[in-house]
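Take a look at the structure set out below.
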Amino acid sequence: MNNVAESESRASEDSLYRIRHSLAHVMAQAVLQMREGSTLGFGPPIDDGFYYDFILTSPITDADFPELERRMKRILKQGQRFYREELPADEALARIDEMGEPYKREYAEELVQSRGLEGLTFYRNGQFLDMCDGPHVDTTREIPRDAFKLRSVAGAYWRGDSRNVMMTRIYAWAYDSREALDKAVREYELAQERDHKRLGRELGIFTVDDDIGRGLPLWLPNGTVIRDELEKLANELEFRAGYQRVATPHIAKASLYETTGHLAHYRDSMYPAMEVMEEGEGGESVKEEYILRPMNCPHHHKVYAAAPRSYRDLPVRLAEYGHVYRWEASGAVSGLARVRGMCMNDAHIYCTEEQIGDVFREVIAQYDEAYSILGLTDYFIRLSRWDPNDAKGREKYVDAPEEWERTERILADLLADMQIDYVEGVGEAAFYGPKIDVQFHTVTGRDETVSTVQLDFAVPPRLGLSYTGADGQPHTPYCIHRAPFSTHERFVAFLIEHFGGAFPTWLAPVQVEVITVSDQFADYAGRIVDRLRGHFVRAVEASESDTVSKKIRAGLTRKVPNLVIVGEREAADGTVTLRRYGERKQVTLSLDEFERVLLEAISKRSLALKV
RNA sequence: GCCGGAAUAGCUCAGUCGGUAGAGCGACUGAUUCGUAAUCAGUAGGUCCGCGGUUCGAUUCCGCGUUCCGGCACCA
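So for the first sequence, the numbering used here puts the first residue at 46; every next one is plus one.
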């Protein structure tokens, strides 16, 4: 972006910021008209509009939106001026008391007492007064009346803390023109059509059944194909990088998690223990507790510990697409994106401190390769640190400040050295160490952690892991946890939305569907399908009794990447007519040629077919 | 977990001011043999989410529960 464009875009963002911020005040004014006696929380501009939080005297639902919007438009029409006023701290607090706004008061006190502000600013427009930093438009006439739209009502904790009161948040879109608003709303609606929960059902990828349980998706045949293909790719990348595959059970004794610290730091996210009676040495009954594992690492640590290790063996790379189970909060569970039983593209790399840098480089190179195969480019890196000031710090993180500082520095230096831009994620670390998270933008515009690389300094020593160094002495290895393909669940959820359900040929559940013009050509179609299946291509024949149009429609609806149409011409010439998903233009090519480009696209995992 | 909303056929949805329900698509059967996004006809398919309450009678009203959706918190 050149400088002119940059400054223009910033100027328009500033004006948009004012519009959104001012509209928040306008909405709050209208809400107070409809629900007199309600109190205010925060009401900031956001990426696509604004929201405002309230404690309402009686609920508002989207059924109230038309009236609320009418009132807002009336305010805009009135041309209310925004008046700014700055008061010294004591007067400001007195003013807020008059306003009867306890939450504003709490925040104002904090601004004055903890942050030492000497004065606070207020904005008044019409009857509405708010403590607010601004900036705002001069008058509500500057705000286009047709460029905002109320979106949804939601709950939100005061100041984002679940120990606080739950407020009602009203979200709205807001832009500087009707066209920009329409565009945003259209994009939102298009994103809804790509929703993985919807496509997952329509494309037969997964289902969730009440009798199995919440957050425990069942992978249907089409979804299982995608899993298997991803797993195959992961295995190949890992094999090439010297990983060794292991297989370990889904449960372990509770005592293991006592030792690792999971029970101390992670208990809330774990399924509770299963109690069983086992026979003790003397034949007596002994109570034993087993836990569904929430992570694979302790099991892999035990694989590591199963053999004596020398520094010459390191790094040791142990990989498993391992199943783990986590007791996710009921309100968090959603489709495949947040589940309670998941299968993780896990590997643990045990290394010396000196090797950490090289191992991270190797892992990040692997991430790059994996994402480039999938055509994923819209992501950024987050360095996730612990938060020593967290109120629940001792519960959330292993208490070892020097280790945190040292390992976080290693990662920060490494990122700087590799010239990788990143954002800081304070309080986003794992309990056992800092991590580098890969944050993807989802189609609905939110960021989501898909993959992570974690540096674990805490658990290996607790399990007594060691290797013999060149000095003949035992040393404790570091463990690096990595999962470029995340869990099958979250990654496939993300990929469904990324591809809009139209997977590249190598990943598609059905790779080729052969459509006959009439069932006179069923023999030819059958021969094509058999031949392709002989090469492990997932080819199917369309139903015989439908019309060509109907079969094409069905194939497109199921987003089959390659529709092959055969009729008299093709049967006579030994050719096929190929209609690629998303392309109107078709090509007729010999069956041999089609097979060649198809197999090449599959083996190279191409995003497109070269014809 | 918290706030709010929703739940009717496989899917998308209509409907019953309280008298046990309908459409389109899909499925199945038959006819049609067709050249690029829906051929025609017929058939089957529903404890109207569950449990209580009110009522002569509840899918409809009320309560509780379950699940899902939009958020918040938490997180791969």
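Note that beta-carbon positions come from the ideal geometry of N, C-alpha and C, so glycine has one too.
Quick caveat, the model's predicted, so the values are computed rather than measured.
Helix, strand or coil: which one does DSSP assign to residue i?
i, result
"residue 372", "coil"
"residue 431", "coil"
"residue 289", "strand"
"residue 230", "helix"
"residue 558", "strand"
"residue 50", "Only weak support exists for where residue 50 lies, its pLDDT of 41 falling under 50; the value from the coordinates is given anyway. Note: residue 50 maps to helix in three-state DSSP."
"residue 520", "strand"
"residue 294", "coil"
"residue 168", "strand"
"residue 82", "coil"
Can you give me the start and stop residues for the alpha helix (DSSP H) that residue i sits inside?
i, result
"residue 300", "299-305"
"residue 284", "266-285"
"residue 639", "636-649"
"residue 602", "593-602"
"residue 114", "110-123"
"residue 342", "342-350"
"residue 158", "147-158"
"residue 141", "134-144"
"residue 458", "446-462"
"residue 566", "Here residue 566 belongs to no alpha helix (DSSP H), and DSSP marks it neither H nor E."
"residue 526", "It is not in any alpha helix (DSSP H) - residue 526 instead sits in the beta strand (DSSP E) that spans 523-527."
"residue 536", "533-544"
"residue 257", "Element bounds for residue 257: n/a, residue is neither H nor E."
Would residue i be called buried (16 or more neighbouring beta carbons within 10 Å of its own) or exposed?
i, result
"residue 654", "buried"
"residue 81", "exposed"
"residue 74", "buried"
"residue 374", "exposed"
"residue 554", "buried"
"residue 490", "exposed"
"residue 534", "buried"
"residue 451", "exposed"
"residue 235", "exposed"
"residue 411", "buried"
"residue 329", "exposed"
"residue 300", "exposed"
"residue 434", "exposed"
"residue 76", "buried"
"residue 210", "exposed"
Report yes if the C-beta distance between residue i and residue j is below 9 Å; otherwise report no.
i, j, result
"residue 432", "residue 471", "yes"
"residue 656", "residue 634", "yes"
"residue 185", "residue 91", "no"
"residue 441", "residue 476", "yes"
"residue 262", "residue 221", "no"
"residue 146", "residue 84", "yes"
"residue 530", "residue 275", "yes"
"residue 541", "residue 381", "yes"
"residue 481", "residue 429", "yes"
"residue 582", "residue 570", "no"
"residue 265", "residue 249", "yes"
"residue 59", "residue 127", "no"
"residue 620", "residue 631", "no"
"residue 342", "residue 501", "yes"
"residue 453", "residue 479", "yes"
"residue 357", "residue 371", "no"
Starting from residue i, trace the beta strand (DSSP E) in both directions and tell me its first and last residue.
i, result
"residue 389", "386-396"
"residue 332", "330-337"
"residue 98", "94-100"
"residue 470", "467-471"
"residue 174", "173-176"
"residue 325", "Per DSSP, residue 325 belongs to no beta strand (DSSP E) and is neither H nor E."
"residue 493", "492-501"
"residue 197", "193-202"
"residue 484", "480-486"
"residue 614", "That residue, residue 614, is in no beta strand (DSSP E); its alpha helix (DSSP H) goes 613-618."
"residue 215", "211-219"
Query raised in the report: Can you find at least 3 beta carbon pairs, one from the stretch 349-368 and one from the stretch 385-393, that sit closer than 8 Å?
Result: Yes, since at least three Cβ pairs between the stretch 349-368 and the stretch 385-393 fall closer than 8 Å, the two stretches touch.
Query raised in the report: If we count Cβ pairs, one from each stretch, closer than 8 Å, do we get three or more for the stretch 520-528 versus the stretch 495-506?
Result: Contact holds: three or more Cβ-Cβ distances are below 8 Å.
Query raised in the report: Do the stretch 562-582 and the stretch 306-316 meet, that is, are 3 or more Cβ pairs less than 8 Å apart?
Result: Taking 8 Å as the limit for Cβ pairs, the verdict is that the stretch 306-316 does not touch the stretch 562-582.
Requested in this report: Would you check if the stretch 242-249 and the stretch 132-149 touch, i.e. whether three or more CB-CB distances between them fall below 8 Å?
Outcome: Judged by Cβ distances under 8 Å, the stretch 132-149 makes no contact with the stretch 242-249, as fewer than three pairs qualify.
Report task. Kindly confirm or deny that the stretch 160-168 and the stretch 197-206 touch, where touching means at least three C-beta pairs closer than 8 Å. Result -> Between the stretch 160-168 and the stretch 197-206, the count of Cβ pairs shorter than 8 Å is below three; the stretches do not touch.
Report task. Pair every Cβ in the stretch 587-597 with every Cβ in the stretch 275-293, then say whether three or more of these pairs are closer than 8 Å. Result -> They do not touch, by the three-pair rule.
Query raised in the report: Pairing CB atoms from the stretch 62-77 with CB atoms from the stretch 107-123, are three or more of them under 8 Å?
Result: For the pair of segments examined, the stretch 62-77 was found to touch the stretch 107-123: the number of CB pairs separated by less than 8 Å reaches three.
Query raised in the report: Between the stretch 224-232 and the stretch 96-110, do at least 3 Cβ pairs fall closer than 8 Å?
Result: Verdict: no, contact absent.
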